[in-house]
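Chemist:
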Amino acid sequence: MINDKVLVLLNDQIELEAFSSFQYLSMCAWLEHQGYPGAAQFMARQADEEMMHMKKIFAYLTSAGGRAISPAIRKPQEEFDSFKDAFETALNHEKKVTEAIHNIVYESQNNRDFTTFNFMQWYVAEQLEEENLFATILNKIQLLEKDNSSFYHLDMELANLQGQTAKN
Ligand code: OFO
């Protein structure tokens, strides 16, 4: 059985993953509107991945005898100062998601909920991958910052770039 405190945290995480999906959809819309269809496609894929992350916790809770709550979604950020700002916002958001996931891992171990502890290991690995993905893109943006025309090429590259789990 899932520990009561961990159950609350897992339902909070369902909300956070759903919010992440909406945040990336919002970035997708902003990037498309700014004339970056490749980056918009990239964000649309991230939005799909986050929805999958949400459903995975939902299914786990149900299979482990817990009650999953379908969340109300907070309004995501709609406007960004620049292409770079959108990706910085995404990386900072992923860092917060990582903290929340590590907290669930910590509490599941503390409360001897080893089934959840085991389940959450996939998320720990996934967060490392996602933080690295956004950090790599930000490094590229920083390198290209002095040459605006290069953003066109980065935008094209983002059309095909995705994380490992999306390929599996
Ligand atoms: Fe990128 O947040 Fe899900 O786990």
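For the sequence shown, my numbering gives the first residue as 66, with consecutive numbering after it. Using N, Cα and C, we set each Cβ at its ideal position, and we do this for glycine too.
(1) Could you compute how far the alpha carbon of TRP187 sits from the alpha carbon of HIS167?
(2) Any chance the CB of HIS118 is under 7 Å from a heavy atom of ligand 1?
(3) Tell me whether ALA83 is buried or exposed, calling it buried when 16 or more other Cβ atoms sit within 10 Å of its Cβ.
(4) Ordered along the chain, which non-local residues of its own chain (more than five positions away) have a Cβ less than 6 Å from that of MET185?
(5) Could you give the residue range of the alpha helix (DSSP H) that holds ALA129?
(6) Less than 7 Å separating the Cβ of TYR217 from some heavy atom of ligand 1?
(7) Check this for me: beta carbons of PRO141 and GLU80, under 8 Å apart or not?
(8) Would you kindly report the start and end of the unbroken alpha helix (DSSP H) that includes MET66?
(9) For ASN176 and GLU194, I'd like the C-alpha separation in whole angstroms.
(10) Mind pulling the alpha helix (DSSP H) runs of 4 or more residues that sit fully within the region 165–213?
(11) For the alpha helix (DSSP H) that contains PHE145, what are its first and last residues?
(12) Do LEU223 and ALA151 have their beta-carbon atoms positioned less than 8 Å apart in this structure?
(13) Please report the straight-line C-alpha distance between GLU164 and GLN78, rounded to a whole angstrom.
(14) By how many angstroms is the C-alpha of ASP69 removed from the C-alpha of TYR101?
(15) Is GLU222 near ligand 1, judged by its Cβ being under 7 Å from some heavy atom?
(16) Identify, in the order they occur along the chain, each residue of the same chain with its Cβ nearer than 7 Å to the Cβ of MET108, setting aside the five sequence neighbours on each side.
(17) Decide if THR127 is buried, meaning its Cβ has at least 16 other Cβ atoms within 10 Å, or exposed.
(18) Helix, strand or coil for ASN251, going by three-state DSSP, please let me know.
Modeler: Per the coordinate set shown:
(1) Within the model, the alpha-carbon separation for TRP187 versus HIS167 is close to 12 Å.
(2) Annotation for HIS118 indicates a beta carbon within 7 Å of some heavy atom of ligand 1.
(3) By the neighbour-count rule (16 or more Cβ atoms within 10 Å), ALA83 is buried.
(4) Result list for MET185: ILE169, VAL170, in chain order.
(5) It is not in any alpha helix (DSSP H) - ALA129 carries neither H nor E in the DSSP assignment.
(6) Ligand 1 never approaches TYR217 closely enough for any of its heavy atoms to be under 7 Å from the residue's Cβ.
(7) Taking a C-beta distance under 8 Å as the contact criterion, PRO141 and GLU80 do not qualify as a contact pair.
(8) That residue, MET66, is in no alpha helix (DSSP H); it is neither H nor E in DSSP.
(9) For the pair ASN176 and GLU194, the Cα-to-Cα distance works out to about 27 Å.
(10) Entirely contained in the region 165–213, the alpha helix (DSSP H) runs reaching 4 residues are, in chain order, 179–209.
(11) For PHE145, there is no enclosing alpha helix (DSSP H), as DSSP gives it neither H nor E.
(12) Remark: C-beta atoms of ALA151 and LEU223 do not approach each other more closely than 8 Å.
(13) Near 11 Å, if we compare the C-alpha coordinates of GLN78 and GLU164.
(14) Taking the straight line joining both Cα atoms gives about 45 Å.
(15) No, the beta carbon of GLU222 sits no closer than 7 Å to any heavy atom of ligand 1.
(16) Hits under 7 Å: TYR89, MET92, CYS93, LEU96.
(17) Using a 10 angstroms sphere on the CB of THR127, the tally of other CB atoms stays under 16, which defines it as exposed.
(18) Not covered by the structure: residue 251. The range shown for the chain is 66 to 233.
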